[in-house]
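Asker: Structure provided below as structure tokens; questions to follow.
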Amino acid sequence: MSQQIRLASHFDAQAISQVIVAALRESNAQHYSPEIIDQVEKSFSPAAILQLLNQRRMFVATIDQHVVATASLDRDVVRSVFVAPCHQGAGIGKKLMETLESIAIKEGVQRLRVPSSITAEAFYASLGFEKIRDEFHGVERTIIMEKRLGHS
């Protein structure tokens, strides 16, 4: 199995959307209502992914050239970290986060923030992120987390 982390391109939009929707339905659904999942899914349609590709640096993790995970770096904010359910727990999300942290450090970022779902809070905490506050968008709860980055 050949693993790779690379910048996403517009050719990846459909696969990224599929990974995100699968993760939302199988993983996030345990913490959020079907209405919230449906609403969030619409934000990650292939067309929406194409727009996001123009707004932030989006990365994908691939296994044998198949997209299995995605994450975005928007200056000092990590966004939209999703791993296909069948690959969760295998360290792919951690590798993606290490890649984003490395880039942020090289760019002089001192603190990295992430708006976390309830589902992913423990994952980010295991990587050294600390909860700063809760934000609510209607009934959808987001946990704002932050990590100080070490500079080499």
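Going letter by letter, the sequence shown gives residues 0 to 151 in numbering that gives the first Met the number 0.
We put the CB at the ideal spot given by N, CA and C, even for glycine.
Please list, in chain order, all residues of the same chain as Arg-56 whose beta carbon is under 6 Å from its beta carbon, the five residues on each side excluded.
Answerer: Here the question's residue 56 lines up with position 57 in the sequence shown. Excluding sequence neighbours, Arg-56 sits near Leu-72.
Asker: Gln-3: which of Ala-21, Leu-95, Arg-78 sits nearest, CA to CA?
Answerer: Taking the first residue of the sequence shown as position 1, residue 3 is located at position 4. Answer by Cα proximity: Leu-95.
Asker: Would you kindly report the start and end of the unbroken alpha helix (DSSP H) that includes Ile-131?
Answerer: In the sequence shown, residue 131 corresponds to position 132, counting from 1. It is not in any alpha helix (DSSP H) - Ile-131 instead sits in the beta strand (DSSP E) that spans 129-136.
Asker: Taking the DSSP output, what are the residues bridged to Glu-145?
Answerer: Within the sequence shown, residue 145 is the residue found at index 146, counting from 1. The partner list for Glu-145 (beta bridge, DSSP) reads Arg-112, Glu-129.
Asker: Please state the DSSP three-state secondary structure of Glu-139.
Answerer: Within the sequence shown, the letter at position 140 stands for residue 139. Three-state result, Glu-139: strand.
Asker: Mind checking whether Ile-117 and Arg-147 have CB atoms under 8 Å apart?
Answerer: Numbered from its first residue, the sequence shown carries residue 117 at position 118. Numbered from its first residue, the sequence shown carries residue 147 at position 148. Against a cut-off of 8 Å, the Cβ pair of Arg-147 and Ile-117 comes out as no contact.
Asker: With a floor of 3 residues, list each beta strand (DSSP E) that falls wholly inside the stretch 37-111, ordered by position along the chain.
Answerer: List check, beta strand (DSSP E) in window: 56-62, 65-73, 76-82.
Asker: By Cβ distance below 6 Å, which residues in the same chain neighbour Val-59 in space, the five residues on each side in sequence not counted?
Answerer: The residue you call residue 59 lines up with position 60 of the sequence shown. Answer for Val-59: Ala-7, Asp-11, Val-66, Thr-69, listed in chain order.
Asker: Go ahead and pull the three-state DSSP assignment for Ile-4.
Answerer: On the sequence shown, residue 4 is found 5 positions in, with the first residue counted as 1. Here Ile-4 sits in strand by DSSP.
Asker: State buried or exposed for Ser-151, treating a residue as buried only when at least 16 other CB atoms are found within 10 Å of its CB.
Answerer: Taking the sequence shown and counting its residues from 1, the one referred to as residue 151 is at position 152. Residue placement at Ser-151 cannot be trusted, given a pLDDT of 46 that sits under 50; what the coordinates show is reported in the next sentence. With fewer than 16 Cβ atoms within 10 Å of its Cβ, Ser-151 is classed as exposed.
Asker: Mind checking Arg-27: buried by the 16 CB within 10 Å criterion, or exposed?
Answerer: Residue 27 sits at position 28 when you count from the first residue of the sequence shown. Checking the sequence, you will find Asn at residue 27 rather than Arg. Per the 10 Å Cβ criterion, buried.
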